[in-house]
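In the working numbering, the protein residues as written are 11 to 355.
Structure (structure tokens):
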């Protein structure tokens with residue numbers, strides 16, 4: 011049972027990395043049920059699993075425990091996985107009462123209070139830099155446990171060598187980052203003719219209108235909205251601009267060089283990890299248009315540096331993290347009678 015969701019106020023990162031994990035569970039022979047809101051444009055991606063849409067307002071996830079469908083599923087599940095920041099210690103305590111000893115939480119720093127049996131931090135490269143780690147709970151980290159979906163793994167071909175730019179700043183509110191990037195491109199003569207694609211997520215109407223107006227002045231950019239098949243779209247590009255969120259791990263797996271700007275605190279740990287590994291160029295939180303233009307110009311005009319970063323990215327992110335989490339869940343909760351790990355390869 012996987013509790014996650016995707017909506018404008020939540021973004022799509024939790025939902026998509028949970029899908030990657032659900033695919034890996036299904037491949038290992040598990041039956042998978044999602045209790046989640048799935049936007050219409052992504053519903054086909056969830057065809058291989060069961061989806062139960064919550065009937066209540068997801069600003070208060072403690073309401074899960076008033077839904078008989080959720081209670082029935084939790085009680086019958088072998089393992090419950092939760093991936094939303096609003097799944098508080100109280101929510102986890104309810105889960106432990108209904109399903110003792112079988113709760114897996116997926117999260118990012120800064121960490122809250124956890125009452126789980128296994129913690130997955132798929133965007134943490136350096137565990138020693140994470141504050142408030144829960145005591146006595148096994149923890150899995152990136153890159154070994156980065157949650158990257160099957161479609162992306164299937165398209166791995168090594169480092170990219172061209173100059174097509176992908177702008178993708180998240181599935182929900184990007185706090186104006188896509189517009190900031192487009193203004194940076196338009197103001198720089200070396201970048202105004204760049205070829206590529208700008209992808210829009212679940213933006214508000216004013217934010218969407220602003221991005222479309224800016225893109226109209228950049229003839230080399232195509233605008234796509236609410237793209238379900240991001241794997242093939244990413245594979246057709248060489249350099250990416252976005253945030254250090256889960257999608258940055260997916261693009262690294264495909265061998266794209268990247269310029270990233272955090273927009274919220276929970277992206278800072280991944281940004282530090284990617285930068286330290288040489289997997290991306292990460293600018294400070296709130297980087298302005300000039301800084302963005304300078305970093306993109308350097309990336310696009312220096313093929314050796316761009317290809318070196320892309321090759322490192324492809325090497326560091328092998329795409330097997332979701333299967334590694336499934337293995338850890340199986341061996342932690344269901345060891346064989348002789349004490350040996352079951353064959354879940």
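Ideal placement from N, C-alpha and C gives every residue a C-beta, glycine not left out.
Open item on the list: Under 8 Å: do the stretch 164-182 and the stretch 322-342 share three or more Cβ pairs, one atom per stretch?
Closed with: yes
TODO: Please state if the CB of residue 54 and the CB of residue 158 are separated by a distance shorter than 9 Å.
DONE: no
Open item on the list: Strictly under 9 Å for the Cβ-Cβ distance: is residue 159 near chain B by that measure?
Closed with: Looking at the structure shown, chain B is missing, and only one protein chain is on hand.
- [ ] Report all residues from its chain with a CB closer than 7 Å to the CB of residue 156; omit the five preceding and five following residues, and keep chain order.
- [x] 132, 259, 327 and 331
- [ ] Please report how far the alpha carbon of residue 46 lies from the alpha carbon of residue 163, in whole angstroms.
- [x] About 24 Å.
- [ ] Would you check if the distance between the CB atom of residue 273 and the CB atom of residue 187 is smaller than 9 Å?
- [x] Yes, they are a contact pair.
- [ ] Would you kindly work out how many angstroms separate the C-alpha atoms of residue 57 and residue 107, rounded to a whole number?
- [x] 31 Å
Open item on the list: Give the list of continuous beta strand (DSSP E) stretches no shorter than 3 residues that lie fully inside the stretch 92-179.
Closed with: 113-116, 128-131, 149-151 and 175-178
Open item on the list: Do residue 181 and residue 16 have their beta-carbon atoms positioned less than 9 Å apart in this structure?
Closed with: yes
- [ ] Kindly indicate the opening and closing residues of the alpha helix (DSSP H) around residue 281.
- [x] 278-286
TODO: Return helix, strand or coil for residue 327, following the three-state DSSP convention.
DONE: coil
Task: Buried versus exposed, by CB contacts within 10 Å (16 or more), residue 86 - done: exposed
- [ ] Using beta-carbon positions only, say whether residue 233 and residue 306 come within less than 9 Å of one another.
- [x] no
Open item on the list: Quick check on the DSSP output: the alpha helix (DSSP H) that includes residue 193 runs from which residue to which?
Closed with: Where residue 193 is concerned, the enclosing alpha helix (DSSP H) stretches over 187-196.
TODO: For residue 23, collect the residues of the same chain with a Cβ closer than 6 Å to its Cβ; drop the 5 residues on either side in sequence, then sort them by chain order.
DONE: 255 and 256
Open item on the list: Let me check one thing: in DSSP terms, what residues is residue 268 bridge-paired to?
Closed with: 250
Open item on the list: Between which two residues does the alpha helix (DSSP H) holding residue 221 run?
Closed with: Residues 215-225.
Task: Contacting residues, own chain, Cβ-Cβ under 6 Å from residue 73 (five flanking each side not counted) - done: 66
TODO: Under 8 Å by Cβ, that's how I've got residue 105 and residue 116 pegged, so tell me the actual separation to the nearest angstrom.
DONE: That belief does not hold up - the Cβ atoms of residue 105 and residue 116 are roughly 14 Å apart, past 8 Å.
- [ ] Quickly, what does DSSP pair residue 90 with across the bridge? List them, please.
- [x] According to DSSP, residue 90 bridges with 113.
Open item on the list: Going by DSSP, what residue range makes up the alpha helix (DSSP H) through residue 68?
Closed with: Per DSSP, residue 68 lies in no alpha helix (DSSP H) segment and is marked neither H nor E.
TODO: Pick out whichever of 346, 345, 336 and 12 has its Cα sitting closest to the Cα of residue 39.
DONE: 336
- [ ] Can you tell me which of the three DSSP states residue 43 falls into?
- [x] strand
Open item on the list: So the candidates are 319, 298, 308 and 265; which of them puts its Cα closest to the Cα of residue 285?
Closed with: 319
TODO: Count the other CB atoms, across all protein chains shown, that sit within 10 Å of the CB of residue 178; report buried if there are 16 or more and exposed otherwise.
DONE: buried
Task: Nonlocal neighbours in the same chain, by C-beta distance under 6 Å from residue 111, ignoring five residues either side - done: 127
TODO: In the DSSP assignment, find the unbroken alpha helix (DSSP H) run with residue 235 in it and report its ends.
DONE: Counting along the chain, residue 235 falls outside any alpha helix (DSSP H), though it belongs to the beta strand (DSSP E) covering 231-235.
TODO: Give the range of the alpha helix (DSSP H) segment to which residue 305 is assigned.
DONE: 299-311
Task: Terminal residues of the alpha helix (DSSP H) in which residue 23 lies - done: Where residue 23 is concerned, the enclosing alpha helix (DSSP H) stretches over 23-37.
Open item on the list: Taking the alpha helix (DSSP H) that residue 20 belongs to, which residues open and close that run?
Closed with: Looking at the DSSP string, residue 20 is not in any alpha helix (DSSP H), and its letter there is neither H nor E.
TODO: With a cut-off of 8 Å on the beta carbons, I'd call residue 333 and residue 36 a contact; round off their distance for me.
DONE: Contact between residue 333 and residue 36 is ruled out by a C-beta separation of about 11 Å, above the 8 Å threshold.
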